[in-house]
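A.B. asks:
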């Protein structure tokens, strides 16, 4: 299924990962867009609204590796769905000092070392040269150096503290083989791909330097090969890699840099939550050895995120509908974040008895369908209220598209609170109030359809304010009420405030327990308990199916509050 995917990256970086994954996305038929990490504050909302999934491959943010997790944090805070680990796990993995401590506590071998925060810090006797020095929060081997004596250690620490302003990790240099172990999260668990071994040229330092990582490579590179390991050692490497993935709270994919000492000990050096995506780098090469070409690798990472989010691709296309109502056709544009009007709302739109020249109030306007329908029936003016900015904007656009913007006043706020700015003489000016508020009963808040423990929370707010805002003579309140809520209690309260209350029409709506448990675990049990106590009304239809009623209620003849 075609998706929209954003690739967030540091523009100008020597890394070509963004271009590589983009090619894989296009090969799979997905639509994609590049976003520069440095512009994330301005772009983040658009990314969250436009994209089904996001690859965040930020190298640095504001010139620092320390801050790159902020990009992912900002994306997550806006609701973007990330392919890969969460911001917290990324921050942990990027913190070499904290990550190595977490791994060691889990029983995973790491090189002996210390965190250095001052150039005058006491040096332990057991940490002997040669020593590897690296800034705690940088990657791509930035700042990495090998010190062979104490003078080199002191100079190296001073230079790194001055340049990066970060703690320095000082570790025992582990001679031996350099391995890269890539892990993918798949349907049946973690798949540890065939490990890669880096092969340095004779005479070169046995370290993956910044220059090495930034060098151009071509198909068939000779400095990387599939690692050949004894069966027992290969099993240990696979087991430690799975344990490290879980210990750091990683998701979807990652790469571990590992040293195999001459004595056969596996030392985990670093975890990389944004490993290179380039086709000739470790992740893609290991995937190829596992039988996965590049598009298949990209698809595997996308699938891991889709499974985790538990939903199909969310193409946030703006939906356009033409509805034929008794008052005439209505053209609607329904965008992300706005509840699509159900059949019951359209039914109510056809029942509203607004007459020419009357004033009306639409509480919880959503797309604006009721407000537009009332103007088309002849309302002189309609005040449309909603608490969600997306709904207010949708009503504004739909009113304009239907040529009634001059007769619809849009106000932001919760129910009657939005009317606080009206003058006292306007307070009781409405001939009609219409509302279809959220009314799904639940033991606790669970989402936008939550209506309180018995479903009457918002209905009560609408009901109790209506006598103050309706005209004494001829004012009418129209409600659409589902029988899952305590409709008997609501009708009783309505009759206490209006002289004439009638259920004008009823329709039936089939549903299943899984539909409601999908909103909140245990919600169907709550509804069954309400029904057993007489506070909810729905019937069994067999085979796990049920039916509730939509009640279209008209109340008139306002009693004095």
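Numbering (our numbering), first residue to last: 2 to 562. From the three backbone atoms N, C-alpha and C, an ideal C-beta is built for every residue, glycine too.
Could you compute how far the alpha carbon of residue 148 sits from the alpha carbon of residue 115?
C.D. replies: 15 Å
A.B. asks: Just to confirm before moving on: does the CB-CB distance between residue 413 and residue 396 stay below 7 Å?
C.D. replies: no
A.B. asks: Tell me where the alpha helix (DSSP H) around residue 201 begins and ends.
C.D. replies: No alpha helix (DSSP H) holds residue 201; DSSP gives it neither H nor E.
A.B. asks: From residue 18 to residue 188, what distance separates their C-alpha atoms?
C.D. replies: 25 Å
A.B. asks: Short of 6 Å in beta carbon distance, which residues of its chain neighbour residue 88, apart from the five on each side in sequence? Order them along the chain.
C.D. replies: Apart from the 5 residues on each side of it in sequence, residue 88 sits with its Cβ closer than 6 Å to the Cβ of 70, 73, 74 and 77 in its chain, given in chain order.
A.B. asks: Which partner residues does residue 226 have in the DSSP bridge list?
C.D. replies: In DSSP, residue 226 forms a bridge with 198.
A.B. asks: If you scan the stretch 234-276 from start to end, which runs of the beta strand (DSSP E) of 3 or more residues do you find wholly inside it?
C.D. replies: 254-261 and 267-273
A.B. asks: Using a Cβ-Cβ cut-off of 8 Å (strictly less than) and excluding sequence neighbours within five positions of residue 236, which residues of its own chain qualify?
C.D. replies: Here the set comprises nothing.
A.B. asks: Over the uninterrupted alpha helix (DSSP H) stretch that includes residue 465, give me the two end residues.
C.D. replies: From DSSP, the alpha helix (DSSP H) with residue 465 extends over 458-470.
A.B. asks: Per the contact definition of three or more C-beta pairs closer than 8 Å, is the stretch 102-109 in contact with the stretch 117-131?
C.D. replies: The stretch 117-131 makes no contact with the stretch 102-109; the number of CB pairs closer than 8 Å stays below 3.
A.B. asks: For residue 270 and residue 181, what's the separation of their Cα atoms in angstroms?
C.D. replies: 10 Å
A.B. asks: Pairing CB atoms from the stretch 462-470 with CB atoms from the stretch 508-522, are three or more of them under 8 Å?
C.D. replies: no
A.B. asks: Please name the residue, chosen from 254, 50 and 498, that lies closest to residue 305 on a Cα-to-Cα basis.
C.D. replies: 254
A.B. asks: How about residue 276 and residue 227: are their beta carbons less than 7 Å apart?
C.D. replies: Not a contact, by the Cβ cut-off of 7 Å.
A.B. asks: What does DSSP give as the partner residues of residue 56 in its beta bridges?
C.D. replies: 8 and 84
A.B. asks: From 435, 341 and 527, pick the residue whose C-alpha is nearest to that of residue 323; which is it?
C.D. replies: 341
A.B. asks: Name the DSSP beta bridge partners of residue 416, please?
C.D. replies: Beta-bridge pairing links residue 416 to no other residue.
A.B. asks: Could you check what DSSP says for residue 378 in three-state terms: helix, strand or coil?
C.D. replies: If DSSP states are grouped into helix, strand and coil, residue 378 belongs with coil.
A.B. asks: Less than 7 Å separating the beta-carbons of residue 460 and residue 556?
C.D. replies: no
A.B. asks: Tell whether a beta-carbon distance below 7 Å holds between residue 247 and residue 283.
C.D. replies: Residue 247 is not a Cβ neighbour of residue 283, given a cutoff of 7 Å.
A.B. asks: How would you label residue 231, buried or exposed, when you count the other beta carbons within 10 angstroms and need 16 or more for buried?
C.D. replies: exposed
A.B. asks: Pick out whichever of 102, 451, 502 and 201 has its Cα sitting closest to the Cα of residue 560.
C.D. replies: 502
A.B. asks: Taking its Cβ as the centre, do 16 or more other Cβ atoms sit within 10 Å of residue 542, making it buried, or is it exposed?
C.D. replies: exposed
A.B. asks: If I measure Cβ to Cβ from residue 483 and keep anything under 7 Å in the same chain, skipping five residues before and after, which residues do I get?
C.D. replies: 440, 549 and 551
A.B. asks: According to DSSP, simplified to helix, strand and coil, what is residue 106?
C.D. replies: helix
A.B. asks: In the DSSP assignment, what are the bridge partners of residue 501?
C.D. replies: 557
A.B. asks: Residue 154 and residue 268: beta carbons closer than 7 Å?
C.D. replies: no
A.B. asks: Which same chain residues, not among the five before or five after residue 329, have their C-beta less than 7 Å away from its C-beta?
C.D. replies: Cβ neighbours of residue 329 beyond the five flanking positions: 377.
A.B. asks: Where does the unbroken beta strand (DSSP E) through residue 293 begin, and where does it stop?
C.D. replies: Neither: residue 293 is in no beta strand (DSSP E) and is coded neither H nor E.
A.B. asks: Would DSSP call residue 310 helix, strand or coil?
C.D. replies: Secondary structure of residue 310 (DSSP, three-state): helix.
A.B. asks: Just checking my contact of residue 200 with residue 163 at CB under 8 Å: how many whole Å lie between their CB atoms?
C.D. replies: So it is not a contact: roughly 34 Å between Cβ atoms.
A.B. asks: Could you tell me if residue 151 is buried or exposed, where buried requires 16 or more neighbouring beta carbons within 10 angstroms of its beta carbon?
C.D. replies: Taking all protein chains shown into account, residue 151 has fewer than 16 neighbouring C-beta atoms within 10 Å of its C-beta and is therefore exposed.
A.B. asks: The alpha helix (DSSP H) spanning residue 1 covers which residue range?
C.D. replies: This structure does not reach residue 1, given that the chain is present from 2 up to 562, and the question cannot be answered.
A.B. asks: Pull the bridge partners of residue 333 from the DSSP assignment, please.
C.D. replies: 322
A.B. asks: In its own chain, which residues sit with a C-beta less than 6 Å from the C-beta of residue 316, not counting the 5 before and 5 after it?
C.D. replies: For residue 316, the pLDDT reaches just 43, beneath the cut-off of 50, and the residue's location in the model is therefore unreliable, although a value from the coordinates is still provided. Excluding positions up to five away in sequence, the list is empty.
A.B. asks: Using CA coordinates, which residue listed in 66, 133, 82 and 401 is at the minimum distance from residue 5?
C.D. replies: Nearest option by C-alpha distance: 82.
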